[in-house]
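Numbering (my numbering), first residue to last: -3 to 352.
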């Protein structure tokens, strides 16, 4: 492989995120390995990118118990040495033969050796390039790690550039949303604000940027739901979450939508994990069922019940109108309370109907 050409590829990837896949494949080729994994060693949802050849195995790793209890992460990453390290820089052969991560996870999947390096990201994360080699092909020789070392400064600078470009793209995204009147912010882990637009800042004091650049809702229930969403509990499978905020004396109720950021490689470097945007609930008679279903992730039956409650109907009346048992309506209403963050019918009505 031509070294200078490959360095050019690394810097091109900093500008064009899709090119990182080629860089990962190139690193694997230099080490005669199966593929390369790039991931952010940080709390929150897994942020990673890998060579296609090992993608299914990495998917198995991030959904396994070893993702949070990876002996490599516990022993190799903390060393923070400015060079490429191999398994044998930290483990003995005997240790590897008795370590379940290697014997029960990596080796049955055809892997078992690696050479990698850790790089500090501007977002505060630690970025890890881990080149994965087949167990059957033997350990990574020290000379291979030495051959990769000259590439490390270029990878670090490219990671810095990717982070900067990623944040600029995030800012451009929310500025575009501002043009159509949609309040929005781009968030990192734990609700840290990376970028926001004037439309969202106008929601102060109901929403504000608190200590540590963390987004904070003044309503305690809404803030609890928001932090739960940021922690990933409501973002499984990339579905997103909705945080309802009751009306206040000077403004109608609104819903904060929290959705995962998309894009190949960009979020790994910038730390951008979530897009938050707000939609107001302004219908005088309560939103129609179709709107409620979309806003709060309700089922069609739950949305219909919520709309009828907002219109002022009682559980008994709704049951009679729909020709079902009152207990059926109560079960559906309980699900509506859970999904909207309310606990009583008056709270639900207050959320769904704007001030007269």
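Don't be surprised by glycine CBs; every beta carbon is placed ideally from N, CA and C. None of the values given here were measured: they were computed from a predicted structure.
Own chain residues within Cβ distance below 8 Å of residue i, not counting five before or after
i: residue 5; result: 15, 18, 19 and 22
i: residue 321; result: 315
i: residue 9; result: 15, 16, 18, 19, 154, 158 and 261
i: residue 219; result: 212 and 213
i: residue 95; result: 67 and 87
Beta-carbon contacts of residue i that lie in its chain and below 7 Å, excluding the five residues immediately before and after
i: residue 166; result: 182, 190, 191, 266 and 268
i: residue 173; result: 180, 193 and 273
i: residue 78; result: 148
Reference residue i; option with closest CA among the options
i: residue 252; options: 290, 43, 295 and 245; result: 290
i: residue 171; options: 12, 272 and 50; result: 272
i: residue 288; options: 310, 345 and 244; result: 345
i: residue 307; options: 341, 335, 297 and 51; result: 341
i: residue 333; options: 310, 317, 143 and 294; result: 294
i: residue 104; options: 132, 13 and 325; result: 132
i: residue 121; options: 34, 57 and 305; result: 34
Local conformation of residue i per DSSP, three classes
i: residue 76; result: coil
i: residue 136; result: coil
i: residue 104; result: helix
i: residue 336; result: helix
i: residue 192; result: strand
i: residue 309; result: coil
i: residue 63; result: helix
i: residue 89; result: helix
i: residue 52; result: helix
i: residue 111; result: strand
i: residue 343; result: helix
i: residue 297; result: helix
Sequence-distant residues of the same chain with beta carbon closer than 6 Å to residue i, five excluded per side
i: residue 285; result: 299, 300 and 303
i: residue 187; result: 210, 211 and 226
i: residue 72; result: 81 and 86
Bridge partners - residue i, DSSP secondary structure assignment
i: residue 84; result: Answer is none; residue 84 lacks a bridge partner.
i: residue 155; result: Residue 155 pairs with nothing; no bridge assigned.
i: residue 270; result: 183 and 256
i: residue 129; result: 109
i: residue 211; result: 205
query: Is the stretch 172 to 181 close to the stretch 193 to 200, with three or more CB pairs under 8 Å?
result: yes
- request: Taking 8 Å as the threshold, find out whether the stretch 7 to 27 comes into contact with the stretch 60 to 71 through three or more Cβ pairs.
  value: no
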